[in-house]
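Written below as structure tokens is the structure these notes are about.
Number of protein chains: 2
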Amino acid sequence: MVTIKDVAKKAGVSPSTVSRALSGNGPVKESTRKKVLDAVKLLDYRPNFLAQGLKEGKTKTIGLIIPNIRNPIYPAVARGVEDAAKKFGYTVILCNTDEDVDTEKEYIQKLQKRWVDGIIIAPASNENEHIVKLQNENFPIVVIVRNVDFLSNAVIIDNYRAAYDAVSYLIRTGHRRIAIVKGNQQLALYRERFRGYKQALLDAGIPVVEELIAGDDSDSVQWTLDGYNAINCLFSQNIEFDAVFATTDLRAIGAIRAIKDHGYKVPEDISVIGFDNLEFSSLIDPPLSTVSQPLYDIGMRAVNKLIPLIDNKTVTEPTIEIMLSELIIRKSTK
Amino acid sequence: MVTIKDVAKKAGVSPSTVSRALSGNGPVKESTRKKVLDAVKLLDYRPNFLAQGLKEGKTKTIGLIIPNIRNPIYPAVARGVEDAAKKFGYTVILCNTDEDVDTEKEYIQKLQKRWVDGIIIAPASNENEHIVKLQNENFPIVVIVRNVDFLSNAVIIDNYRAAYDAVSYLIRTGHRRIAIVKGNQQLALYRERFRGYKQALLDAGIPVVEELIAGDDSDSVQWTLDGYNAINCLFSQNIEFDAVFATTDLRAIGAIRAIKDHGYKVPEDISVIGFDNLEFSSLIDPPLSTVSQPLYDIGMRAVNKLIPLIDNKTVTEPTIEIMLSELIIRKSTK
DNA sequence: CAAAAACATAAAAACGTTTGCATTTACCTG
DNA sequence: CAGGTAAATGCAAACGTTTTTATGTTTTTG
Chain A
57 MVTIKDVAKK
67 AGVSPSTVSR
77 ALSGNGPVKE
87 STRKKVLDAV
97 KLLDYRPNFL
107 AQGLKEGKTK
117 TIGLIIPNIR
127 NPIYPAVARG
137 VEDAAKKFGY
147 TVILCNTDED
157 VDTEKEYIQK
167 LQKRWVDGII
177 IAPASNENEH
187 IVKLQNENFP
197 IVVIVRNVDF
207 LSNAVIIDNY
217 RAAYDAVSYL
227 IRTGHRRIAI
237 VKGNQQLALY
247 RERFRGYKQA
257 LLDAGIPVVE
267 ELIAGDDSDS
277 VQWTLDGYNA
287 INCLFSQNIE
297 FDAVFATTDL
307 RAIGAIRAIK
317 DHGYKVPEDI
327 SVIGFDNLEF
337 SSLIDPPLST
347 VSQPLYDIGM
357 RAVNKLIPLI
367 DNKTVTEPTI
377 EIMLSELIIR
387 KSTK
Chain B
57 MVTIKDVAKK
67 AGVSPSTVSR
77 ALSGNGPVKE
87 STRKKVLDAV
97 KLLDYRPNFL
107 AQGLKEGKTK
117 TIGLIIPNIR
127 NPIYPAVARG
137 VEDAAKKFGY
147 TVILCNTDED
157 VDTEKEYIQK
167 LQKRWVDGII
177 IAPASNENEH
187 IVKLQNENFP
197 IVVIVRNVDF
207 LSNAVIIDNY
217 RAAYDAVSYL
227 IRTGHRRIAI
237 VKGNQQLALY
247 RERFRGYKQA
257 LLDAGIPVVE
267 ELIAGDDSDS
277 VQWTLDGYNA
287 INCLFSQNIE
297 FDAVFATTDL
307 RAIGAIRAIK
317 DHGYKVPEDI
327 SVIGFDNLEF
337 SSLIDPPLST
347 VSQPLYDIGM
357 RAVNKLIPLI
367 DNKTVTEPTI
377 EIMLSELIIR
387 KSTK
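This is the structure we're talking about:
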């Protein structure tokens with residue numbers, strides 16, 4: 057490989073002059089700068105990033121830790137992160153944890169070996185002392201999508217509020233027996249959505265009944281399955297309901313499938329509302345009513361929050377940024 | 057930050073001994089190894105990756121360059137790449153080109169600054185001298201998904217064959233007026249699929265007629281739109297057809313929408329077959345018949361092909377690996 | 001025109017590792 | 001128990017940069 061010394065020799069100057077000519081961190085005569093630039097071009101010299109990084113203690117790299125890029129909410133997030141990172145001259149390392157805390161820890165270790173300048177993470181579970189530790193060490197880190205139970209720099213939506221609004225909409229449009237596919241209650245975000253569901257019912261004077269609460273805490277990769285099973289379960293118990301609030305679009309899709317399988321129509325017999333607004337949620341039949349998360353923006357904002365943390369090492373109180381979600385009504389609700 | 061010297065001091069040995077104790081690259085007495093390990097734990101020492109990389113000329117990092125992670129075929133590929141990479145101790149840097157050659161070049165430059173050991177790429181376009189150049193420089197690179205017109209290490213499917221089989225299936229099941237949404241003909245993979253379509257018709261004695269060839273070369277991010285517009289276009293010209301071969305599932309979804317919008321039924325009136333087998337293609341209505349690409353495996357195989365290129369710097373002829381695709385018949389064909 | 005000031009460049013140290021070589025220590029063997 | 005061998009460890013160089021310090025060369029100015 058061609059080094060700065062080769063360039064120096066070719067241009068007839070010292071390595072330090074080459075460095076200055078390229079970085080602009082010092083005076084260099086126009087004529088020599090030209091000689092250097094010519095030599096650089098001639099030899100196709102590219103500075104060794106590792107050496108630079110070693111010297112400066114920075115890598116201009118950030119780690120993005122998410123449960124699974126195949127979960128369709130994450131590509132948009134990843135894209136937002138990458139686009140923003142690129143704008144700041146950073147590159148992104150992608151890490152999938154499969155919802156497993158140990159994998160998450162392992163990746164953090166790996167990333168931390170001083171080569172990423174910061175981390176953006178959608179935590180795998182509610183066990184996150186390792187994240188607290190990182191934060192205490194003043195390592196730049198931003199939590200996204202899944203809020204945690206300690207104060208941290210985070211970019212999320214108000215899951216409680218969003219769920220409350222969605223369920224309130226169902227109530228307002230005449231539904232009274234509203235089932236929920238509740239999601240993994242280990243995760244704060246599903247607890248919040250569940251809480252929103254209950255409060256909306258209570259505020260409307262509708263009792264929260266156990267038999268309408270469906271879904272389990274499994275984390276199957278077949279994400280529609282939970283919704284499908286949950287609704288099938290209701291049918292098999294002959295429980296009546298006129299609407300379903302699914303805590304993700306994928307669960308909603310599974311729910312719709314189950315409803316159709318039992319010969320009922322969406323939304324004529326049963327309304328279904330989802331959560332996430334995946335790109336293809338408008339493409340299914342019927343197009344899904346859902347809560348839209350600004351996933352791309354969450355990714356972008358996370359980077360915008362992270363960079364200052366990396367730059368000014370001034371310690372500031374962590375802040376949570378609440379992004380706006382939006383209720384999108386399509387054809388799966390009447 | 058804590059360095060190897062700190063550990064050495066704490067353990068009462070020299071830095072070289074610490075290095076050997078940790079890497080195993082030399083003899084070290086059991087008792088001293090223990091002292092070192094204790095010191096490491098006590099100080100929470102983590103070797104500086106940059107320094108290691110600088111010394112060894114390797115970063116244990118690979119770059120993955122794809123058009124767009126939001127295009128639903130790529131998450132599976134990315135996951136395959138990451139899982140395999142992890143097995144070999146490598147990490148993955150994700151780069152989205154948005155189908156833009158300049159962005160692609162820019163990323164390659166960036167990655168090449170000696171810090172990725174190899175690159176896996178789904179090229180943005182048919183302009184790829186920069187990839188040829190990389191290959192000639194003996195830089196480890198593997199092409200995936202989108203074949204190129206020069207001999208390279210690649211992991212792809214036989215797009216011609218797969219398209220041929222899909223169209224042949226339509227013919228065998230009684231369709232005669234088969235329209236195609238042809239995809240961007242700048243890209244070899246769509247040319248191949250188009251060629252398969254034509255050959256299948258010819259081999260069955262069915263003429264290839266211009267009016268049934270639809271779709272344009274745009275690369276809109278709204279990937280269903282091309283299929284939607286293409287089919288609408290046919291209807292508006294009053295062209296009759298009894299089947300559609302869409303060159304991607306997303307185009308198929310758009311096509312189905314257009315067909316439904318015009319009051320026809322899939323598959324009773326018009327059959328539709330797609331290409332890719334996206335995770336949600338079985339979830340739409342009707343569940344889509346399609347050609348399955350082993351996307352996850354393509355990612356995995358690409359890494360398995362790349363690692364030897366990185367390790368043995370022995371120059372071997374590039375080889376193309378053809379993965380098997382599979383025709384999956386669901387409910388969108390009769 | 002000489003001395004000071006400003007500018008341009010070179011030399012050397014530093015970043016945190018790994019590793020070849022030299023040295024010390026421990027262990028055998030005759 | 002001396003001498004030889006093997007094992008364990010330390011020293012120093014090297015990886016490719018950037019930056020501080022030192023040196024040499026202009027230019028300015030009284």
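For the record, the sequence lines run as chains A and B.
The first sequence begins at 57 in this note's numbering and counts up by one.
The second sequence begins at 57 in this note's numbering and counts up by one.
For every residue, glycine included, the Cβ atom is placed at its ideal position computed from N, Cα and C.
Computed from a prediction, not measured in an experiment: that's the story for all the values here.
So the candidates are the options; which of them puts its Cα closest to the Cα of residue i?
{"i": "A:Asp317", "options": "A:Phe301, A:Phe331 and A:Asn285", "result": "A:Asn285"}
{"i": "A:Ile312", "options": "B:Thr303, B:Asn294 and B:Asp341", "result": "B:Asp341"}
{"i": "B:Pro179", "options": "B:Gln242, B:Val96, B:Thr389 and B:Lys169", "result": "B:Gln242"}
{"i": "B:Cys289", "options": "B:Ile315, B:Val264 and B:Trp279", "result": "B:Ile315"}
{"i": "B:Ile200", "options": "B:Ile122, B:Ile164, B:Asp158 and B:Ser274", "result": "B:Ile122"}
{"i": "B:Phe195", "options": "B:Asn209, B:Cys151 and B:Val204", "result": "B:Asn209"}
{"i": "A:Val148", "options": "A:Ala222, A:Val265, A:Gly355 and A:Ala308", "result": "A:Gly355"}
{"i": "A:Phe105", "options": "A:Lys361, A:Tyr146 and A:Tyr130", "result": "A:Tyr146"}
{"i": "A:Lys166", "options": "B:Cys151, B:Thr115 and B:Ala299", "result": "B:Thr115"}
{"i": "B:Ala299", "options": "B:Pro323, B:Glu112, B:Lys91 and B:Arg89", "result": "B:Pro323"}
{"i": "A:Phe331", "options": "A:Gly239, A:Trp171, A:Thr229 and A:Ile262", "result": "A:Gly239"}
{"i": "A:Phe297", "options": "A:Val92, A:Leu245 and A:Gly230", "result": "A:Gly230"}
{"i": "B:Arg249", "options": "B:Asp272, B:Leu268, B:Asn215 and B:Ala235", "result": "B:Asn215"}
{"i": "B:Asp221", "options": "B:Arg89, B:Ser348 and B:Lys91", "result": "B:Ser348"}
{"i": "A:Ser274", "options": "A:Ala67, A:Val371, A:Ser181 and A:Ile129", "result": "A:Ser181"}
{"i": "B:Trp279", "options": "A:Glu373, A:Glu335 and A:Ile177", "result": "A:Glu335"}
{"i": "A:Lys361", "options": "A:Arg102, A:Phe144 and A:Pro350", "result": "A:Phe144"}
For the beta strand (DSSP E) containing residue i, list its first residue and its last residue.
{"i": "B:Phe301", "result": "Ala299 to Ala302"}
{"i": "B:Ser348", "result": "Thr346 to Ser348"}
{"i": "B:Ala244", "result": "From DSSP, B:Ala244 is part of no beta strand (DSSP E) but of the alpha helix (DSSP H) over Ala244 to Asp259."}
{"i": "A:Glu377", "result": "Ile376 to Met379"}
{"i": "B:Gly119", "result": "Thr117 to Ile122"}
Would you say residue i reaches chain B, if we count a Cβ-Cβ gap shorter than 8 Å as a contact?
{"i": "A:Val84", "result": "no"}
{"i": "A:Lys166", "result": "yes"}
{"i": "A:Gly109", "result": "yes"}
{"i": "A:Leu339", "result": "yes"}
{"i": "A:Thr375", "result": "no"}
{"i": "A:Met57", "result": "yes"}
{"i": "A:Asn182", "result": "no"}
{"i": "A:Arg126", "result": "yes"}
{"i": "A:Glu267", "result": "no"}
{"i": "A:Ala67", "result": "no"}
{"i": "A:Glu185", "result": "no"}
{"i": "A:Thr280", "result": "yes"}
{"i": "A:Pro103", "result": "yes"}
{"i": "A:Pro323", "result": "no"}
{"i": "A:Phe336", "result": "yes"}
Any beta-carbon of chain A closer than 8 Å to the one on residue i?
{"i": "B:Pro179", "result": "no"}
{"i": "B:Val371", "result": "no"}
{"i": "B:Pro71", "result": "no"}
{"i": "B:Pro196", "result": "no"}
{"i": "B:Lys169", "result": "yes"}
{"i": "B:Ala134", "result": "yes"}
{"i": "B:Val148", "result": "yes"}
{"i": "B:Glu160", "result": "no"}
{"i": "B:Thr115", "result": "yes"}
{"i": "B:Ile118", "result": "no"}
Determine which residues share a DSSP beta bridge with residue i and list them.
{"i": "A:Ser327", "result": "A:Ala299"}
{"i": "A:Ile287", "result": "Looking at the DSSP assignment, A:Ile287 forms no beta bridge with any residue, so it has no partner."}
{"i": "A:Leu150", "result": "A:Leu120"}
{"i": "A:Leu383", "result": "A:Val347"}
{"i": "A:Gly174", "result": "A:Ile118"}
Under DSSP, the alpha helix (DSSP H) around residue i begins and ends at which residues?
{"i": "A:Ile129", "result": "Neither: A:Ile129 is in no alpha helix (DSSP H) and is coded neither H nor E."}
{"i": "B:Asn215", "result": "Asn215 to Arg228"}
{"i": "A:Val188", "result": "Glu185 to Asn192"}
{"i": "A:Leu93", "result": "Glu86 to Leu99"}
{"i": "A:Thr280", "result": "Note, A:Thr280: premise wrong, no alpha helix (DSSP H); not H, not E."}
If residue i and residue j are in contact, beta carbons under 8 Å, what's the gap, nearest whole angstrom?
{"i": "A:Ala64", "j": "A:Ser70", "result": "6 Å"}
{"i": "A:Ile125", "j": "A:Leu150", "result": "7 Å"}
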